[in-house]
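In my numbering, the protein residues as written are 224 to 660.
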C-alpha cells in the first residue's frame with residue numbers, strides 16, 4: 224500500500240516586476256553592505272541588514288514566507304538611505320526593491336488609526352505648501368509672543384503619541400508666519416543659463432530663506448532663475464510611503480512645468496533639498512513604462528543637479544567676506560548615496576575665506592531623518608541622531624553643515640532636546656554670507 228504526500232502550494236504574497244526581482248538576484252550575500260547599514264549596526268540583526276531584507280523580499284516573492292508582523296517590522300525599519308548601494312560591489316539597486324515591496328504590501332495592509340492619520344498629514348498637509356502654512360500659523364504666532372516655549376516647558380506635548388511628539392519637536396524655533404512664494408529672477412545677460420528651481424513643499428515653507436539665498440547666489444553666478452508656478456511636490460513622500468500612482472502624476476506635472484512639450488526648457492533643474500533632488504533624478508525610472516512621458520522623464524532626470532553642483536558648474540565669483548567659523552559637514556544620504564554628490568559641497572565650503580572644515584566621522588551614515596522615517600520610526604531615528612551628534616561633538620564643532628532640510632530639522636531638534644549647543648545650517652547660508660556679507 225502506498226501513500227502520496229500532498230504538495231503544499233503557497234501563493235506568493237508579493238508580485239514584483241521582473242526587472243525589480245532581478246535586482247534581488249544580483250545580491251551575492253557578500254556582507255559588504257553590513258557596516259554601511261544604519262539599522263544593522265544598531266541592532267546586529269541579519270534581518271535588519273540589506274542582504275537580510277533582500278532575502279525576505281525574495282521569500283515573499285517566491286511564496287516561501289508570508290508577510291508576518293515580524294517580516295513587516297524588519298522591512299519597515301529600513302531607512303531607504305541607499306548606503307548599501309554605495310557599498311555594494313554587485314551594483315544592486317536596492318531602493319527599487321524596497322520601494323516596490325512597500326507599495327505592493329501596503330496596498331493590502333490594514334493600517335491602525337494612528338498610522339492612517341499620519342499618512343493623511345504626510346499626503347495632504349506636508350506636500351501642500353499652502354495647507355502647511357495655515358497649519359503653522361498658530362504655533363508661529365505662539366512662538367512670536369513667547370507662549371510656545373511655555374507650552375513645551377509645561378510638558379503638555381508629552382501627552383501626544385510618540386510620533387506626534389517627534390513632529391512637534393521638529394518645528395524650527397524661528398520662521399516667518401507666512402513665508403512668501405519664491406519668484407524667478409531674470410539675468411540682464413541674454414545668454415544667461417536658465418536654471419529651473421524646485422522649492423520643495425516643506426523646504427519652501429520652513430526653509431524659504433535658504434531658497435531665496437540660493438536664488439540670489441545663482442543670479443550672482445550669471446544665471447536666470449526660473450520658478451514655474453505649475454510645479455508641484457516632487458513626490459518623494461508619496462513614493463517612499465508606497466503610493467506610486469500619485470507620485471507618477473506629480474512627476475508628469477513637474478515635467479510639464481520645467482520642460483514644456485516642444486520647448487527646450489531649462490538647462491538645469493535644481494533644488495536645495497537632497498531628498499527632492501534624489502526623487503527628481505528617479506523620474507526616468509518611475510515613468511519608464513509611460514509611452515507619453517518616458518523619453519521626457521529621462522531627459523528631465525538628466526538635467527537635475529543639486530544646488531552645489533550648479534554653483535560649481537557655473538563658477539562662484541570671488542568671495543570677499545570672511546566667515547570665521549569652524550564647521551563640520553554631514554553627507555545627506557539622498558545626496559551622497561542616491562545622487563552620488565559628495566565633492567561639490569566640500570569644494571564650495573573650501574572656497575569660503577576664514578572657514579575651517581573639520582572632517583566628520585561616519586559623515587555619510589544616516590542621521591535617522593530619512594524623509595518621514597523619523598516620524599514613523601521615532602525610536603530608531605532618535606538613536607541614529609544620537610550617534611550623529613556624538614560624532615559631531617568629537618569634532619569639537621558647534622556648527623554642522625548639511626544639504627538637506629530633513630537632516631537639518633532632525634539633527635537640530637534632537638540637539639535641542641538633548642541640550643546640546645549645535646547649530647545646523649545649509650551650505651548655501653555660509654556661501655551667501657561669504658558673498659554678500
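Note that CB positions come from ideal geometry on N, CA and C, so glycine has one too.
A quick note: this is a predicted structure, and the numbers were derived from the prediction, not measured.
Between the CA atoms of residue j and residue i - distance to the nearest angstrom
| i | j | result |
| --- | --- | --- |
| residue 646 | residue 346 | 29 Å |
| residue 231 | residue 278 | Summary for residue 231: the model assigns pLDDT 42, below 50, so the residue's position carries little reliability; its value from the coordinates is reported in the next sentence. In a straight line, the C-alpha of residue 231 is about 21 Å away from that of residue 278. |
| residue 508 | residue 240 | 13 Å |
| residue 651 | residue 391 | 26 Å |
| residue 580 | residue 565 | 14 Å |
| residue 320 | residue 280 | 8 Å |
| residue 586 | residue 439 | 28 Å |
| residue 409 | residue 436 | 15 Å |
| residue 287 | residue 531 | 46 Å |
| residue 557 | residue 369 | 36 Å |
| residue 561 | residue 383 | 34 Å |
| residue 637 | residue 511 | 39 Å |
| residue 388 | residue 446 | 42 Å |
| residue 620 | residue 371 | 29 Å |
| residue 577 | residue 254 | 42 Å |
| residue 629 | residue 520 | 25 Å |
| residue 468 | residue 549 | 45 Å |
| residue 359 | residue 430 | 13 Å |
| residue 643 | residue 634 | 11 Å |
| residue 300 | residue 271 | 7 Å |
| residue 470 | residue 352 | 16 Å |
Residue i - containing alpha helix (DSSP H), residue span
| i | result |
| --- | --- |
| residue 656 | 650 to 659 |
| residue 315 | No alpha helix (DSSP H) contains residue 315, which DSSP labels as neither H nor E. |
| residue 462 | 459 to 463 |
| residue 244 | 241 to 248 |
| residue 506 | 506 to 509 |
| residue 633 | 628 to 640 |
| residue 274 | 273 to 285 |
| residue 478 | 467 to 481 |
CB of residue i within 8 Å of CB of residue j, strictly
| i | j | result |
| --- | --- | --- |
| residue 246 | residue 315 | yes |
| residue 284 | residue 237 | yes |
| residue 355 | residue 260 | no |
| residue 489 | residue 418 | yes |
| residue 542 | residue 624 | no |
| residue 657 | residue 547 | no |
| residue 442 | residue 420 | no |
| residue 341 | residue 599 | yes |
| residue 195 | residue 407 | The structure shown does not extend to residue 195, since the chain spans only 224 to 660, so no value can be given for it. |
| residue 597 | residue 604 | yes |
| residue 594 | residue 660 | no |
| residue 235 | residue 256 | no |
| residue 334 | residue 362 | no |
Which residues DSSP lists as bridging residue i, in chain order
| i | result |
| --- | --- |
| residue 419 | 449 and 492 |
| residue 622 | 550 and 646 |
| residue 408 | 448 |
Closest by C-alpha distance to residue i, when choosing among the options
| i | options | result |
| --- | --- | --- |
| residue 472 | 492, 486, 503 and 442 | 503 |
| residue 536 | 625, 567, 289 and 487 | 567 |
| residue 592 | 282, 622 and 627 | 627 |
| residue 313 | 270, 329 and 248 | 248 |
| residue 649 | 362, 433, 269 and 516 | 433 |
| residue 474 | 555, 252, 497 and 515 | 515 |
| residue 539 | 590, 575 and 513 | 575 |
| residue 166 | 640, 660, 659 and 655 | Residue numbering for the chain in the displayed model covers 224 to 660; residue 166 lies beyond these limits and cannot be assessed. |
| residue 325 | 461, 252, 385 and 517 | 461 |
| residue 350 | 476, 263, 459 and 300 | 459 |
| residue 602 | 252, 344 and 262 | 262 |
| residue 457 | 500, 534 and 483 | 500 |
| residue 533 | 267, 552, 570 and 331 | 570 |
Closer than 8 Å to chain D by CB, residue i
| i | result |
| --- | --- |
| residue 316 | Going by chain labels, chain D is absent from the structure shown, which holds only one protein chain. |
Endpoints, beta strand (DSSP E) assigned at residue i
| i | result |
| --- | --- |
| residue 579 | 579 to 581 |
| residue 529 | 527 to 529 |
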